[in-house]
Amino acid sequence: MIRRRFQIGALEKRGRTYRLRYRVDIIGRDGTVGRRERKSVPFGKVTKQQAIRLRDEFIRRHGITMNRPKATMTLGEFWNLHFEPNIVRKKSHYTQKLYAALFRNHIKPTFGDTSICEVTRGGIDSLLSIKLGERYATQTVHHIHELLSKMLGTAYKYRWIEENTASGVELPPIETVRPARALTLDEVGLIAKALREPGRTVFMIGVIFGLRIGEILGLQVEDVDFPSGILWIRRSATRGVLNKVKGKDGNGRRFTIPSLAREILQRYLTWRKSDS
């Protein structure tokens, strides 16, 4: 079988000294594979067997894999050119905003100028420890790790890095800052009496159906089917943007309207302005 020259590096002898010459395939910012010849590495006056051992140690220490392309793009370039346009933009509006803020505020300052194949597990551990030391919530630290893992996992899927170094990183347990407490019926009544419309209806619909505020704000008149007694949740409003709620069958979530909710909704639809 023909062995490619420079596949494991070529040892070159000049006089009584040896030097290593090698080259590797590289992946450019656009994802295409090119070739760049490396500078030679002098070993000095050593025997051939010593030169071979020095060569193997050098290649292993620097993580050089001669038969696999090496990515040279930085993590910042990977975000701008590949991850953000190809992965992030497919997410919901809220997730897009979250990912952008996490990358801009936490990941980019540390790894933005680092080659994606040089983002180490130790470096990730260090970043997460720093964020904990800066008193960020454990939930935020988990989100930072999750985004890093998704980015490096995507690069690994593209075969641009040897492994996803974010995997195997030990994370702190998520701490609950303030345990959730369910309102009593008396408390629900007091809050409802204190609120004005449309706040009262928003509050009561949330209590009765257990909806998120975005799901309530995304409701439209056609989502209330009084003849069938069904309330449809088809969209969720997040920061002024409506996102589709798929549900199990892809058509949204559905709830049976109890008598109290029917009364509240009918009263609100009668009270509301015609153009609201």
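Taking the numbering used here, the leading residue of the sequence shown gets 31, the next gets one more, and so forth. Quick reminder that beta carbons are idealized off the backbone N, C-alpha and C, glycines included. Because the structure is a prediction, the values reported are computed rather than measured.
Contact annotation, T47 with K78: C-beta distance approximately 12 angstroms; criterion of less than 8 angstroms not satisfied. At least 8 angstroms separates the beta-carbon of L105 from that of F73.
Segment contact: the region 122-140 against the region 229-243, fewer than three CB-CB distances shorter than 8 angstroms; contact not assigned. The secondary-structure analysis by DSSP pairs K274 across a beta bridge with R265.
Partner residues in a beta bridge of T195, as assigned by DSSP, do not exist. In the displayed model, K43 falls within a strand according to three-state DSSP.
Under the DSSP definition of a beta bridge, I238 lacks any partner. Beta-bridge partners assigned by DSSP to T286: I260. Look at D253 here: in three-state DSSP terms it is helix. For P72, the enclosing beta strand (DSSP E) has its first and last residue at 71-74.
In the DSSP assignment, M181 falls within the unbroken alpha helix (DSSP H) covering 168-187. I287 is positioned such that its CB atom lies no closer than 8 angstroms to that of G270. Pairing A291 with I238 gives a Cβ-Cβ distance under 8 angstroms.
Our two residues, V149 and A131, have alpha carbons roughly 20 angstroms apart in a direct line.
According to the DSSP assignment, L111 belongs to no alpha helix (DSSP H), since it is labelled neither H nor E. Spanning the alpha carbons of D255 and D216 requires a straight line of approximately 30 angstroms. Annotation for D155: V199, E200 place their beta carbon closer than 8 angstroms to its own, counting only its chain and skipping 5 residues before and after.
The Cβ atoms of I191 and L178 lie no closer than 8 angstroms to each other.
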